[in-house]
Each structure stands twice: as C-alpha cells, then as structure tokens.
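Each position in the sequence shown, counted from 1, maps to that position plus 251 in the working numbering.
Encoded as structure tokens, the structure appears first; notes follow it.
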Amino acid sequence: MTLELRILVLSIVLGLVQIVLASHAASLQRGYRWTASARDESVPPLAGVAGRLERALRNYLETFPMFAAAVLIAHVLGRHSWMTEWGVLLYLPGRIVYLALYAGGVFLIRSLVWNVATAGIALVLLALL
C-alpha cells in the first residue's frame, strides 16, 4: 500500500474519531436521552467545546471528500511523487492539529493550520496536472 493510501485510511480513522468526539460532547451537553431520541425538537446550538467539536467535524466533512478524491485519482493514474507524499503529509497532521486547536478555542493559529491542510490537498491536485 502506498503512503498516500495509508494516510487516506488514517484520515478515515480521524473522521470516525471526530464523529465520536462530537457525538459524546453533544450528549454530555444535551443528555443521553436527547441522543437516543428522534431529535425532532428544536434545541439551542451547542456551546463551548461541544459546539467547537461539531463545527470542526463539519469542516472536516467539507474537506475530506476532496482530499479522498484527489488521493484516489492520483493512485488510479499512478501519479506518485514528492508532491503527493508531501500533500498527504500536510493534510492529515494539519487536520489533527486543527482539531486540537479548534477544540481548545485557539484563535488565528487554528486558521493558519487549516491552510496547511488545504495546501496538502492542493499539492496532490497539482501532481495530477
């Protein structure tokens, strides 16, 4: 398995971890009865860490499909280079650090780290040109 595919698998694991973290944080804030319910009632937005974890997850779900598609296209086309390797090595650690910074409520640096992860996607895409 190539480095790019290994990082893609680990990125899927990161997505699952984020789902679990966001879900449990929401349950702690709203209660496990709410979690087990049909959730038909309107509820106020999540606050604090729970809200930040939910927003970080949404952001991850926005970027991950593009990352996965770029990595899979590179794999199918046999385009493995320093650009694809650096791209995936920027994306996954960038997303891990982004999650930690977002959960911690860190201002500005979080956005800069988001740019690092996004640059990783851009590198993989550039390798396809």
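All residues carry an ideal CB built from backbone N, CA and C; glycine is no exception.
TODO: Using three-state DSSP, classify S293 as helix, strand or coil.
DONE: The sequence position of residue 293 within the sequence shown is 42, counting from 1. Coil at S293, not helix or strand.
TODO: Determine the closest residue to T253 out of V268, T335, V357 and A289, with distance taken between C-alpha atoms.
DONE: By one-based count along the sequence shown, residue 253 stands at place 2. Here the closest residue by C-alpha is T335.
Task: Per-residue burial, G282 [other beta carbons within 10 Å of its own, 16 or more giving buried] - done: Sequence index remark: in the sequence shown, residue 282 carries index 31 (1-based). Per the 10 Å Cβ criterion, exposed.
Task: Touching by the beta-carbon criterion (3+ pairs, under 8 Å), the region 361–372 and the region 331–349 - done: yes
TODO: Please name the residue, chosen from A319, I258, A354 and R330, that lies closest to Q269 on a Cα-to-Cα basis.
DONE: Within the sequence shown, numbered from 1, the residue matching residue 269 stands at position 18. It is A354 whose Cα lies nearest to the Cα of Q269.
Open item on the list: Which same chain residues end up closer than 7 Å to L304 when comparing Cβ atoms and leaving out the 5 residues on each side of it in sequence?
Closed with: Walking along the sequence shown from the start, residue 304 turns up at place 53. Answer for L304: L272, A273, A276 and A354, listed in chain order.
Task: Pair within 8 Å by beta-carbon distance, G338 and A378 - done: Translated into the one-based positions of the sequence shown, residue 338 becomes position 87. Translated into the one-based positions of the sequence shown, residue 378 becomes position 127. The answer is yes: Cβ separation under 8 Å.
Task: For A373, the first and last residue of its enclosing alpha helix (DSSP H) - done: Position 122 of the sequence shown holds residue 373. Start and end: I360 to L379.
- [ ] Take H331 as the anchor and find which of L267, L376, S262 and W285 has the nearest alpha-carbon.
- [x] Position 80 of the sequence shown, counting from 1, holds the residue named residue 331. Answer by Cα proximity: L376.
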